[in-house]
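Numbering (the numbering used here), first residue to last: 26 to 242.
First up is the structure itself, then whatever we jot down about it.
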């Protein structure tokens with residue numbers, strides 16, 4: 026039924042989605058993911074959110090559904106919805122760094138600075154043992170919550186060795202160091218990256234921005 030609607034797009038997609046759900050007592054994880062993706066593809070994201078309680082009643086496990094919708098809310102920059110979905114996901118799985126990153130992104134974008142600081146405290150504890158989460162946290166702070174830059178630089182261990190080949194992390198950390206006045210440290214970090222990546226012109230450009238003096242070497 027899901028594939029049929031993917032191939033033959035209905036004239037009234039919301040009605041078709043509702044009818045499809047009514048035909049089944051429940052849907053497994055993969056089926057619910059496919060259903061959510063179908064609704065998004067049909068342009069019915071708002072309908073999915075408005076009917077979330079009904080849809081969840083058909084899900085054997087709700088986390089797969091909520092995760093797909095949270096990803097779409099993030100892509101749509103619908104941070105009010107992302108906030109709600111992240112809270113629900115954390116209730117289901119409180120130790121998933123991905124869900125805490127969702128929550129932090131939403132709070133930062135919604136101007137919830139106090140809440141974002143509290144979320145950051147939890148997120149950084151998970152990031153210490155998760156390189157991917159550490160990099161994601163760095164990007165969120167850099168892009169969305171610069172008021173957390175000092176806390177990030179103070180609280181997390183130096184991850185430059187873990188991310189020695191991840192320029193995006195090095196660039197974000199360098200920019201945060203510059204933002205907090207530690208331009209010498211930013212320059213040093215970029216130089217260390219260039220020692221092992223001498224042909225990366227992005228790093229050369231960033232180094233010139235951090236410290237244009239002495240770059241002849």
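Each residue gets a CB set at the ideal place from its N, CA and C atoms; glycine is no exception.
Model, not experiment: these values are computed from the prediction.
Item	Value
Through-space distance from residue 77 to residue 56, alpha-carbon basis	16 Å
Spatial neighbours of residue 145 in its chain, beta-carbon cut-off 7 Å, leaving aside the 5 residues before and after	129, 173, 176
Three-state secondary structure (DSSP) of residue 207	coil
Residue closest to residue 52, alpha-carbon to alpha-carbon, out of 215, 110, 83, 36	83
Simplified DSSP assignment, three categories, for residue 52	strand
Short Cβ contact (9 Å threshold) for residue 27 with residue 63	yes
Residue nearest to residue 92 in terms of C-alpha spacing, selected from 124, 103, 199, 72	124
Environment of residue 259 [buried if 16+ CB atoms lie within 10 Å]	What the structure shows of the chain is the stretch from 26 to 242, and residue 259 is not part of that stretch, so it cannot be assessed.
Per DSSP, cross-strand counterpart(s) of residue 141	Beta-bridge pairing links residue 141 to no other residue.
Rounded straight-line distance, which links the Cα of residue 38 to that of residue 154	43 Å
Where residue 239 falls: helix, strand or coil (DSSP)	Caution applies to residue 239, whose pLDDT of 46 falls short of 50 and renders its modelled position unreliable; the model cannot decide the point.
For residue 27, the three-state DSSP class (helix, strand or coil)	helix
Short CB-CB distance (under 9 Å) between residue 80 and chain B	Here there is only one protein chain, and chain B is not present.
Cβ-heavy atom distance, residue 125 to the ligand SAH, below 8 Å	In the structure shown, the ligand SAH is absent, as is every other ligand, since no ligand is present at all.
Whole-number beta carbon distance between residue 67 and residue 95, since they are thought to touch under 8 Å	Their Cβ separation, rounded to whole angstroms, is 19 Å, which puts residue 95 and residue 67 out of contact at 8 Å.
Burial state of residue 196 (16 or more Cβ within 10 Å)	buried
Cβ-based neighbour list, residue 140, same chain, cut-off 8 Å, excluding 5 preceding and 5 following	132
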